[in-house]
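Notes to accompany the following structure.
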Amino acid sequence: MSDPALDTLILPLETENIELHPGAKVLFLRARYGLALNALNGLDLLCVQSFAPDRDALQKAGLKVSAEPGEGKFDAVLVLPGRQRQEARAQLAEAVSRVTTGGIVIASAPNTEGARTLERDLADLLGNTENLSKNKCRVVWATSHADSVNQALLKDWLAIDVARPVLDGAYVSRPGLFAWDRVDPASKILGNLVPDTLKGKGADLGAGFGYLARTVLEKAPKVSAMDLYEAEKRALDLAEQNLGGFKGKRRLNGFWCDVTRGIEGPYDFIVSNPPFHQAGRADRADVGQGFIRAAAAGLRPGGELFMVANRHLPYEQTLTEVFADVRQLADEGGYKVIRAVKGKGRR
Numbered sequence: 154m155s156d157p158a159l160d161t162l163i164l165p166l167e168t169e170n171i172e173l174h175p176g177a178k179v180l181f182l183r184a185r186y187g188l189a190l191n192a193l194n195g196l197d198l199l200c201v202q203s204f205a206p207d208r209d210a211l212q213k214a215g216l217k218v219s220a221e222p223g224e225g226k227f228d229a230v231l232v233l234p235g236r237q238r239q240e241a242r243a244q245l246a247e248a249v250s251r252v253t254t255g256g257i258v259i260a261s262a263p264n265t266e267g268a269r270t271l272e273r274d275l276a277d278l279l280g281n282t283e284n285l286s287k288n289k290c291r292v293v294w295a296t297s298h299a300d301s302v303n304q305a306l307l308k309d310w311l312a313i314d315v316a317r318p319v320l321d322g323a324y325v326s327r328p329g330l331f332a333w334d335r336v337d338p339a340s341k342i343l344g345n346l347v348p349d350t351l352k353g354k355g356a357d358l359g360a361g362f363g364y365l366a367r368t369v370l371e372k373a374p375k376v377s378a379m380d381l382y383e384a385e386k387r388a389l390d391l392a393e394q395n396l397g398g399f400k401g402k403r404r405l406n407g408f409w410c411d412v413t414r415g416i417e418g419p420y421d422f423i424v425s426n427p428p429f430h431q432a433g434r435a436d437r438a439d440v441g442q443g444f445i446r447a448a449a450a451g452l453r454p455g456g457e458l459f460m461v462a463n464r465h466l467p468y469e470q471t472l473t474e475v476f477a478d479v480r481q482l483a484d485e486g487g488y489k490v491i492r493a494v495k496g497k498g499r500r
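Structure representation (C-alpha cells):
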C-alpha cells in the first residue's frame, strides 16, 4: 500500500536538500514502514510508534522500534503528525525538544490534512522553514538553533499531550485519541443496550480510553473479568487508569495489539466499537471485519458479541459467516447495534 506522506517525508534526503552523515542519530516519531525508509540505511534510526499495526510492520522489517523516545538528543527528527491539530502540535514540539542544536526537524502531511498549517506551526517553533511538494503532500524542515527556538510556545505545545481530566473529571484522556474528550455516540448507544445480566469473563475489542469496558463493569455486577484490547498504547495506558476503581475487585488485563491478528480467550462475551479508519480518511471495512472474525474465534460456544457500527458499513455477511445467530438490536442515529451468538459447532 502506498504512503504518499512517508514518501514525501524522505524526499529532501533523496534530493540531497538535506544531508546526514553516516551513523547520524535519527528519531522517527509516529513512524510508519515503507520502501522509502531504505533512504535511511546507514543511519542510527530509532522508530517511535505506539500504534500496534504500524509497530508490527516496522519490527517485521527489522527496524528498532519503541513506544517512547526515551532520553537523549538526535541529529535529526522526522515526524508524520496526526490529523488532529492539537496532537500534531504536540508531536512537533516533541520533535523540537529531541533534536540537537544544529539538528534538523523534518515533517510531512497531505495537502488535504493541514500541510500548510504544519509549515506555519514549524515556523512558529523554529523560525525559517524550507519545503518541497510531491504526491499531493508537503514536506517541511527547519534547523534548530539556540536563539531560534520559541521556548514559550515549545513549553505550551509539549503540555498539550499531558493526560487530563475529561467528562467532568470522570475519565482521563489526551488529544489525538479517538473521541478523546467526549463519549463517542456509538459507544454510548452500545453501552445503553448491553444487558446487565452479562457474567463471567469478557473482552472489549478496541477499548479506547476505557469508556465501554467501564460501562459494562458498572452495569453488570456478575462480570468477573475484563480483557481490554487496544492498538494505541497511549489509549490503553489511560484505559487502565480509568478502570482503576475495579482493580482488586475484578480481574483486568490490557493487551496492546492488533486485534485482527487474533485474541486470547475463550470469552463469555465480547463488546466492540470497531475502528473503521486507520491512516487516511477512507473507510476500512476490512478492519471491522477482522474484529468480527477475531471475536468469533475468541468466544466460547454460546458466547455473545455485542457490537456497534456505522449503519453503512458492510459487516452482515462476515457476521453470518462466523456466527450462528445474528440480530440487530437497534438502528439509531446512523448506527446499528448487533448481537451475535457463537454456535456450538463450526460457528
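Position 294 (the sequence shown) corresponds to 447 in the numbering used here; numbering is contiguous. Cβ coordinates follow ideal geometry from the N, Cα and C atoms, glycine included. The structure presented is a predicted model; accordingly, all values stated were derived computationally and were not measured.
Quick one: measure Cβ to Cβ for residue i and residue j, integer angstroms, because I've assumed they're closer than 8 Å.
i: Lys352; j: Lys375; result: 4 Å
i: Ile313; j: Ala243; result: 4 Å
Whose CA, out of the options, lies closest to the CA of residue i?
i: Ala189; options: Arg183, Leu180, Asp160 and Ser203; result: Asp160
i: Val323; options: Thr413, Ala210, Gly195 and Gln394; result: The amino acid at residue 323 is misidentified as Val; the sequence shows Ala. Of Thr413, Ala210, Gly195 and Gln394, the residue nearest in Cα terms is Gln394.
i: Phe204; options: Leu193, Asn191, Ala184 and Pro222; result: Ala184
i: Asn191; options: Leu182, Asp207, Leu211 and Pro206; result: Leu211
i: Gly418; options: Arg453, Cys410 and Asn406; result: Arg453
i: Ala305; options: Ala332, Val249, Arg327 and Glu283; result: Val249
i: Met379; options: Ala241, Glu221, Asp337 and Gly397; result: Gly397
i: Val319; options: Ala332, Gly455 and Asp209; result: Ala332
i: Lys209; options: Phe429, Glu272 and Ala384; result: For clarity, residue 209 is Asp in the given sequence; the question names Lys instead. For the residues Phe429, Glu272 and Ala384, the minimum Cα distance to Asp209 belongs to Ala384.
i: Trp489; options: Leu271, Pro175, Asp390 and Met460; result: Note that residue 489 is Lys in the sequence shown, not Trp. It is Met460 whose Cα lies nearest to the Cα of Lys489.
i: Leu278; options: Ala366, Pro467 and Trp310; result: Trp310
i: Glu485; options: Ile342, Leu389, Asp390 and Arg238; result: Ile342
i: Ala450; options: Ala339, Ala438 and Phe476; result: Phe476
i: Ala339; options: Ala360, Lys497 and Glu469; result: Ala360
i: Ala214; options: Tyr468, Leu199, Gly225 and Lys226; result: Leu199
i: Asn345; options: His465, Tyr364 and Asp334; result: Tyr364
Can you have a look at residue i and say buried or exposed, based on whether 16 or more other CB atoms are within 10 angstroms of its CB?
i: Arg492; result: buried
i: Gln481; result: exposed
i: Val201; result: buried
i: Glu474; result: exposed
i: Ser326; result: buried
i: Met368; result: In the sequence as presented, Met is not what sits at residue 368; that position holds Thr. So Thr368 ends up on the buried side.
i: Ser301; result: exposed
i: Gly441; result: buried
i: Glu247; result: buried
i: His240; result: The sequence shown places Glu at residue 240, not His. Glu240 is buried by the Cβ-count criterion.
i: Val315; result: exposed
i: Lys289; result: exposed
i: Pro175; result: exposed
Ignore the nearest five residues each way along the sequence and tell me which others in residue i's own chain have a CB closer than 7 Å to its CB.
i: Asp228; result: Leu173, Ala177, Lys178, Val179, Thr253 and Gly256
i: Leu162; result: Leu231, Leu233, Ile259, Ser261 and Val292
i: Leu472; result: Ile445, Val479, Ile491 and Ala493
i: Asp421; result: Lys352, Gly353, Lys354, Gly355, Arg453 and Gly456
i: Arg236; result: Glu266
Grab me the residues of residue i's own chain with a C-beta within less than 6 Å of its C-beta, minus the 5 sequence neighbours each way, in chain order.
i: Leu458; result: Ile423, Ala448 and Ala493
i: Gly187; result: Asp156 and Leu159
i: His298; result: none
i: Glu283; result: Trp294
i: Arg273; result: none
i: Pro467; result: Ala438
i: Gly195; result: Pro175
i: Arg387; result: Ser203
Can you tell me which of the three DSSP states residue i falls into?
i: Asn345; result: helix
i: Trp310; result: helix
i: Leu365; result: helix
i: Arg404; result: strand
i: Val412; result: helix
i: Phe331; result: coil
i: Gly455; result: strand
i: Gly383; result: One point to set straight first is that residue 383 is Glu, not Gly, in the sequence displayed. Residue state, collapsed to three classes: strand.
i: Ser340; result: helix
i: Gln202; result: coil
i: Phe399; result: helix
i: Asp156; result: coil
i: Thr168; result: coil
i: Glu417; result: coil
i: Val424; result: strand
i: Ala493; result: strand
i: Arg317; result: strand
i: Pro301; result: The sequence shown places Ser at residue 301, not Pro. Coil at Ser301, not helix or strand.
i: Lys354; result: strand
i: Lys213; result: helix
Less than 8 Å between C-beta atoms, sequence neighbours within five positions excluded: which residues of the same chain meet that for residue i?
i: Leu358; result: Tyr382, Val412, Ile416, Ile423, Val424, Ser425, Pro427, Phe444, Ala447 and Ala448
i: Leu285; result: Thr161, Leu164, Pro165, Thr168, Asn170, Arg291 and Val292
i: Leu370; result: Val376, Met379, Leu396, Phe399 and Arg403
i: Pro222; result: Leu180, Leu182, Leu199, Val201, Glu247 and Arg251
i: Phe429; result: Asp436, Arg437, Ala438, Val440, Gly441, Ala462, Asn463 and Leu466
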